[in-house]
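What follows is one structure encoded as structure tokens, with my remarks underneath.
2 protein chains.
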Amino acid sequence: MTRVTADVSFLRGYNEALVMAVGRTARTFERSTVVEATGLTPQAVSKVIARLTTDGLIRSAGVRRPGIGKPAVVYELVADSRYAIGAHVARRTLRLVLVDLAGTVHHSTVRPLPRDFTPEQLLDALSVGIDAMAGIGDLRGRLTGLGIGMIGPLDHANGLVRDAHGLRHWHDVALREIAEKHLGLPVHLDKDVTAGITAEAWRHGATFGDAALIMVESGIGGGFWLGGAAHRGAHTNAGEFGHTVVDLNGPRCVCGRHGCLEIVHHHAIEAGDIAYAARVLAVGVVNLLQTLDLAHVVLTGADLLQHPQTYLAAVTEAVEADARRAGWLSTRVALSSLGADVIAAGAAMQVLDQHYGIPELAPI
Amino acid sequence: MTRVTADVSFLRGYNEALVMAVGRTARTFERSTVVEATGLTPQAVSKVIARLTTDGLIRSAGVRRPGIGKPAVVYELVADSRYAIGAHVARRTLRLVLVDLAGTVHHSTVRPLPRDFTPEQLLDALSVGIDAMAGIGDLRGRLTGLGIGMIGPLDHANGLVRDAHGLRHWHDVALREIAEKHLGLPVHLDKDVTAGITAEAWRHGATFGDAALIMVESGIGGGFWLGGAAHRGAHTNAGEFGHTVVDLNGPRCVCGRHGCLEIVHHHAIEAGDIAYAARVLAVGVVNLLQTLDLAHVVLTGADLLQHPQTYLAAVTEAVEADARRAGWLSTRVALSSLGADVIAAGAAMQVLDQHYGIPELAPI
DNA sequence: AAAATTTAGCAACAGCGTTGCGTAATAGGG
DNA sequence: CCCTATTACGCAACGCTGTTGCTAAATTTT
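Residue numbers (my numbering), protein chains in the order written: chain A, 156 to 519; chain B, 156 to 519.
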């Protein structure tokens with residue numbers, strides 16, 4: 156967790172991040188666009204643009220002649236000026252993506268991981284995969300780091316994997332530290348679902364409201380974007396949404412409680428009733444809406460994406476029924492726009508965010 | 156919603172708010188205390204303290220002679236330099252409190268409201284109550300405003316009551332506007348539970364982590380403190396936690412779904428089984444923990460506070476059982492430290508926060 | 001060709017935290 | 001009694017931020 160004191164360097168980072176967010180979501184933009192979006196004065200925007208241009212992050216791309224008056228200079232993000240690699244570590248696979256400064260996914264590879272893989276085996280797989288990727292476009296000096304989205308529980312602030320569910324060799328592994336040493340790159344570690352929701356927020360820009368990413372993939376998890384930032388909770392353990400009870404008298408779950416969303420959903424799947432499984436998930440999603448009042452719900456996960464329309468329809472129907480009752484609520488439900496890459500891409504974007512996103516300003 | 160651009164005035168407000176938070180949580184403090192708590196340089200802290208002293212918000216309170224060296228100047232908040240009045244509007248009662256800059260509740264009054272009261276009736280009750288309170292200590296010039304914590308749904312940003320549950324005359328009432336006109340005071344409107352969690356956060360200071368306030372009072376609601384700020388959701392409708400399904404095959408709830416926490420809890424109460432009702436609530440609380448990973452859970456509400464120990468025991472037991480399974484999670488469960496005043500007090504603190512709290516810095 | 005309109009940017013400015021360094025106030029030792 | 005070490009405080013200069021005032025440039029309209 157980067158601690159930033161509230162000094163002028165924070166102002167610089169903050170306003171630069173605002174302009175970068177505009178550049179990421181609009182293909183091209185001009186000074187007036189930024190003025191409108193941020194409330195800064197035109198002169199201040201000019202200064203920010205000058206700084207970003209010096210750093211090679213944006214460049215001018217012609218002028219716009221709308222009618223009367225001096226033409227406005229049009230700018231664009233230099234997407235290929237910075238890259239990050241994102242990794243999605245699942246139980247049996249390692250997915251790697253290469254993401255540029257604009258959030259575009261350039262390469263995506265999946266390779267199997269050994270059953271019950273060890274930290275060393277993961278590092279080797281990462282090493283091979285990253286070398287292959289870095290070789291493609293000659294990224295020397297433009298690669299900002301590696302983001303890892305992984306099964307929890309883990310400790311995001313300290314880069315520790317506490318006890319990854321279902322993996323025997325992952326107790327209190329200082330993954331960030333050993334990966335940085337082994338790979339020679341800055342490494343950022345986060346829960347898979349939190350990385351995923353970051354990807355969705357990146358693609359939607361600063362106007363993205365409170366949102367959740369629902370991931371069904373050997374378990375059910377949720378990633379949250381609340382108040383303009385990822386919500387990780389007190390111990391980086393937010394999102395164990397599959398282990399919320401929806402049936403007080405339901406079957407016993409592996410977590411020890413009865414009638415968790417995950418076990419009820421699982422039984423429906425085993426019974427072959429995908430439609431019912433989807434409706435159960437939808438009940439859980441509406442529970443989230445009641446609790447958190449979200450503007451967006453994004454669905455993803457390998458298991459869910461095997462029946463995308465069934466799940467999308469069930470969740471949309473349940474959410475809309477709920478909104479109808481209230482009369483004025485509105486929540487958009489969608490499948491992940493990045494498909495199966497969403498976790499890995501989000502992990503990469505978190506790395507880019509550390510450099511070009513809103514600086515953290517933790518009130519101690 | 157106050158929009159603040161990231162200019163130097165933000166820095167001033169931010170760092171002043173940090174110092175004020177220190178002053179609120181520590182009875183006395185000195186320069187080195189703030190340096191340690193904020194990471195600012197001693198010189199910067201001196202400047203902030205000078206500004207706050209000029210405004211009459213803090214003052215020196217002697218010196219500390221710990222041993223060798225020049226004595227350190229000790230400061231304290233001037234608690235009686237600013238006040239705010241907080242109102243808790245419930246279905247049948249209006250509670251008013253007077254809160255000073257340190258967060259201390261000075262007066263607390265409860266008066267009945269007519270059944271199905273109208274906006275005019277509420278305004279009259281507010282007017283009478285505020286006059287009585289303002290007369291007590293001659294608050295001329297020191298009263299910063301009125302905060303109202305009320306049943307939802309409402310629109311916090313625009314000060315509208317959309318459709319207060321169970322009150323017929325409250326559809327799209329511009330309460331903030333008409334109250335400001337009627338009372339001649341700045342007015343801040345928020346959901347009751349959100350005001351409540353603000354009070355808890357105030358009393359605990361800047362180190363207060365992610366938290367929820369659970370309120371059982373003719374319904375079950377939740378207020379959330381996430382990432383150092385109140386979480387209101389996309390439509391100020393977060394916290395309808397009583398309307399999350401915990402029993403898929405349960406009885407039909409007024410909200411139209413089946414097996415909501417609220418209806419299951421209500422049935423247990425009606426059957427006279429308080430202990431079971433408390434355990435049902437505890438299931439809901441653990442659901443929240445799984446979803447949001449909270450550091451604190453605070454219990455309040457008129458109905459809950461009729462059996463405080465029963466609820467506290469049940470929730471504590473459930474939370475601790477959950478933590479034991481994980482092995483490294485920890486969540487503190489407590490009854491509201493302000494008792495029945497918590498909602499009104501929090502509403503008042505929100506008013507003070509607008510002046511002396513962390514300035515908002517909404518991206519876009 | 002002149003006027004109107006829109007955009008861009010130079011220059012001076014106020015205000016923030018930071019840095020460098022001098023000063024005040026105390027305790028302890030010779 | 002004096003000197004030194006120690007701790008706390010603050011003036012002054014500085015670098016940097018966004019802001020303000022104003023001028024210049026580039027275009028269309030009259």
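By construction, the Cβ of each residue, glycine as well, lies at the ideal position given by its N, Cα and C atoms. As the structure is a prediction and not an experimental result, all values here were calculated from the model.
Please classify residue i: does DSSP put it in a helix, a strand, or coil?
| i | result |
| --- | --- |
| residue 511 (chain B) | helix |
| residue 215 (chain B) | strand |
| residue 272 (chain B) | coil |
| residue 181 (chain A) | coil |
| residue 381 (chain B) | strand |
| residue 321 (chain A) | coil |
| residue 164 (chain A) | helix |
| residue 304 (chain A) | strand |
| residue 187 (chain B) | helix |
| residue 202 (chain A) | helix |
| residue 372 (chain B) | coil |
| residue 264 (chain A) | strand |
| residue 497 (chain A) | helix |
| residue 346 (chain A) | strand |
| residue 174 (chain A) | helix |
How would you label residue i, buried or exposed, when you count the other beta carbons within 10 angstroms and need 16 or more for buried?
| i | result |
| --- | --- |
| residue 357 (chain B) | buried |
| residue 496 (chain A) | buried |
| residue 491 (chain B) | buried |
| residue 205 (chain A) | exposed |
| residue 391 (chain A) | buried |
| residue 442 (chain A) | buried |
| residue 170 (chain A) | buried |
| residue 486 (chain B) | buried |
| residue 215 (chain B) | exposed |
| residue 218 (chain A) | exposed |
| residue 267 (chain B) | exposed |
| residue 483 (chain A) | exposed |
| residue 445 (chain A) | buried |
| residue 310 (chain B) | buried |
| residue 283 (chain A) | exposed |
| residue 259 (chain A) | exposed |
| residue 131 (chain B) | Residue 131 (chain B) lies beyond the range of chain B shown here (156 to 519); nothing can be said about it. |
| residue 263 (chain A) | buried |
| residue 448 (chain B) | buried |
If you compare alpha carbons, which of the options is closest to residue i?
| i | options | result |
| --- | --- | --- |
| residue 504 (chain A) | A:199, A:390 and A:384 | A:384 |
| residue 364 (chain A) | A:173, A:372, A:370 and A:355 | A:355 |
| residue 256 (chain A) | A:241, A:245 and A:237 | A:237 |
| residue 438 (chain A) | B:398, B:181, B:337 and B:303 | B:398 |
| residue 345 (chain A) | A:301, A:278, A:445 and A:266 | A:301 |
| residue 465 (chain A) | A:449, A:450 and A:424 | A:424 |
| residue 440 (chain A) | A:369, A:389 and A:489 | A:369 |
| residue 248 (chain B) | B:318, B:508 and B:306 | B:306 |
| residue 372 (chain A) | A:459, A:478 and A:482 | A:459 |
| residue 280 (chain A) | A:338, A:192, A:197 and A:172 | A:338 |
| residue 200 (chain B) | B:164, B:187 and B:456 | B:187 |
| residue 402 (chain B) | B:227, B:420 and B:453 | B:420 |
| residue 347 (chain B) | B:335, B:246 and B:361 | B:246 |
| residue 228 (chain A) | A:506, A:184 and A:202 | A:184 |
Can you give me, in chain order, the residues of the region 445 to 474 of chain B that have a beta carbon less than 8 Å from any beta carbon in chain A? 445, 446, 447, 448, 449 and 450
Interfacial residues, the region 364 to 378 of chain A to chain B, with Cβ spacing under 8 Å: 364, 365 and 377
Listed from N- to C-terminal order along the chain, which residues in the region 192 to 208 of chain B have their beta-carbon within a distance smaller than 7 Å of any beta-carbon of chain A? 192, 193, 194 and 195
Give, in chain order, every residue of the region 390 to 403 of chain A whose Cβ lies closer than 9 Å to some Cβ of chain B. 390, 391, 392, 393, 394, 395, 396, 397, 398, 399, 400, 401, 402 and 403
Could you tell me whether the region 159 to 179 of chain B touches the region 366 to 377 of chain A, where touching means 3 or more Cβ pairs closer than 8 Å? no
Specify whether the region 285 to 297 of chain A and the region 315 to 326 of chain A touch according to this definition: at least 3 beta carbon pairs, one from each stretch, less than 8 Å apart. no
Which of the residues in the region 311 to 333 of chain A, read from start to end, lie with their CB under 7 Å from any CB of chain B? 317
Do the region 263 to 277 of chain A and the region 169 to 180 of chain B meet, that is, are 3 or more Cβ pairs less than 8 Å apart? no
Chain-ordered residues of the region 333 to 358 of chain A with a beta carbon less than 8 Å from chain B: none
Three or more C-beta pairs closer than 8 Å, one from the region 178 to 187 of chain A and one from the region 221 to 240 of chain A: is that the case here? yes
Identify each residue in the region 476 to 489 of chain A for which the Cβ-Cβ distance to at least one residue of chain B is less than 9 Å, and report them in chain order. 476, 477, 480, 481, 482, 483, 484, 485 and 486
Assess, as a yes-or-no matter, whether the region 425 to 434 of chain B is touched by the region 406 to 417 of chain B under the definition of 3 or more beta carbon pairs within less than 8 Å. no
If contact is defined by three or more beta carbon pairs under 8 Å, each pair taking one atom from either stretch, is the region 509 to 516 of chain B in contact with the region 471 to 486 of chain B? no
When you check each C-beta in the region 416 to 429 of chain B against every C-beta of chain A, which residues fall closer than 8 Å? 419
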